[in-house]
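Trainee: My questions all concern the structure below.
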Amino acid sequence: MKKIPIFVINLPQSTDRKAYIKAQCESMGISPVFIDAVNGKELSKSDIERYVDQNRVKKLFGRELLLGEIGCALSHKKIYQKMVDENIPYAVILEDDATLEKDLPIVVKKILTAPLSWELILLGHYKSNLKGFKSPISLWHRQRISSKFLLGRLVDFGFGTHGYMITLKGAKKILSELKYIYKPIDHYTPDSNILNVYALYPTVINVQNSFDTLIDENRARSNKDRLSVVLLKKVGIINAAISVKNFIKTLKPIKKYK
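In this text, residue positions in the sequence shown follow the numbering used here: the first is 6, and each later residue adds one.
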């Protein structure tokens with residue numbers, strides 16, 4: 006994997022995370038390039054006004070972006086700008102809490118020779134806050150890159166920026182959207198209206214200790230709601246309903262990327 010840089014976003018003070026991801030990379034013969042993350046908590050009010058369109062954010066989500074979300078978006082933006090400034094044709098971007106599967110190096114090599122018009126490929130992804138479910142991909146326009154892995158078009162949102170590949174063209178497209186940030190970064194990366202996005206299945210990058218439950222119970226509105234989630238989960242209703250809904254979505258025809 007010497008021909009494609011592996012950028013890892015890391016806050017300088019997060020030495021434990023740096024050691025965690027560095028050890029994984031070295032075990033695979035990967036030499037990561039660490040990029041200092043932007044700490045959203047250190048941004049001033051004027052910084053936020055310069056980088057973020059909070060009025061647009063509130064219209065879309067009914068709230069303002071959190072400082073952590075702003076810092077995360079600016080961190081990824083640093084890498085896109087670096088690719089443009091240094092004319093880097095391809096890159097793998099990781100966050101420092103990523104867990105890497107052993108197949109990652111061979112998957113990256115296979116993707117680089119795949120006959121697809123891709124600009125971003127999600128090597129890890131998940132469906133909203135529904136933990137344990139990967140984002141479903143369409144049955145149309147799939148490309149098998151090995152007996153184990155294939156690339157497909159998302160039919161639902163692919164959340165998570167813990168691991169993905171991006172081309173220079175893709176970096177330029179997202180940069181143009183990030184002139185004023187108006188949503189979390191993982192709302193840009195899976196958006197086929199912005200760039201040509203594919204998702205890897207099965208994934209080779211996951212998030213350490215982040216997806217241990219099916220539903221983010223902390224987001225439930227009340228204790229009663231949280232109890233309902235737990236009970237439905239135990240009897241398998243949520244799993245079955247989501248699986249059926251996802252399968253129906255994969256059947257819908259989609260246009261090929263140009």
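Every residue, glycine too, gets a C-beta built ideally from N, C-alpha and C.
Return the bridge partner residues of L65 from the DSSP annotation.
Mentor: Against the sequence shown, residue 65 aligns to sequence position 60. DSSP output for L65 lists no bridge partner at all.
Trainee: Run through the segment 8-43 for me and flag every whole alpha helix (DSSP H) of 4 or more residues, listed as ranges in chain order.
Mentor: The qualifying runs are 20-32.
Trainee: On the CB-based measure, 16 or more other CB atoms within 10 Å of its CB, does D101 come out buried or exposed?
Mentor: By 1-based counting over the sequence shown, the position of residue 101 is 96. Buried, by the Cβ-count rule.
Trainee: If the criterion is Cβ atoms closer than 8 Å, does the pair L208 and K115 meet it?
Mentor: Residue numbering aside, residue 208 sits at position 203 when the sequence shown is read from its first letter. Residue numbering aside, residue 115 sits at position 110 when the sequence shown is read from its first letter. The amino acid occupying residue 208 in the given sequence is Thr; Leu does not appear at that position. Not in contact: T208 and K115 (Cβ atoms no closer than 8 Å).
Trainee: With a CB to CB cut of under 7 Å and the five nearest residues on each side skipped, what residues in its chain are close to I11?
Mentor: Stepping through the sequence shown from its first residue, residue 11 is reached at position 6. Correct list, in chain order: C30, I35, P37, V38, V97, L99.
Trainee: If we call anything under 8 Å between Cβ atoms a contact, is D191 one with G165?
Mentor: The residue you call residue 191 lines up with position 186 of the sequence shown. The residue you call residue 165 lines up with position 160 of the sequence shown. In contact: D191 and G165 (Cβ atoms closer than 8 Å).
Trainee: Going by C-alpha distance, which of G163, L65, Y95, L144 is nearest W123?
Mentor: In the sequence shown, the residue the question calls residue 123 occupies position 118. Answer by Cα proximity: Y95.
Trainee: Determine the direct distance from the alpha carbon of K27 to that of Y3, and round the result to whole angstroms.
Mentor: Residue 3 is absent from the model: the chain starts at 6 and stops at 263.
Trainee: Taking K83 as the reference, which of T20, L159, Y56 has the closest Cα?
Mentor: Your numbering for residue 83 matches position 78 in the sequence shown. For the residues T20, L159, Y56, the minimum Cα distance to K83 belongs to Y56.
Trainee: On the CB-based measure, 16 or more other CB atoms within 10 Å of its CB, does A204 come out buried or exposed?
Mentor: Your numbering for residue 204 matches position 199 in the sequence shown. A204 comes out buried.
Trainee: Starting from G157, trace the beta strand (DSSP E) in both directions and tell me its first and last residue.
Mentor: Within the sequence shown, the letter at position 152 stands for residue 157. Per DSSP, G157 belongs to the beta strand (DSSP E) from 155-157.
Trainee: Put T173 into one of helix, strand or coil per three-state DSSP.
Mentor: For this step, residue 173 is matched to residue 168 along the sequence shown. Contrary to the premise, residue 173 reads as Leu rather than Thr in this sequence. Three-state result, L173: helix.
Trainee: Going by the DSSP bridge assignment, what does I186 pair with across the sheet?
Mentor: Here residue 186 corresponds to residue number 181 of the sequence shown, with the count starting at 1. DSSP, once it has assigned bridges, lists V57 as partnering I186.
Trainee: Helix, strand or coil, according to DSSP, for Q86 in the structure here?
Mentor: Mapped onto the sequence shown, residue 86 falls at position 81. In this structure, Q86 counts as helix in the three-state DSSP scheme.
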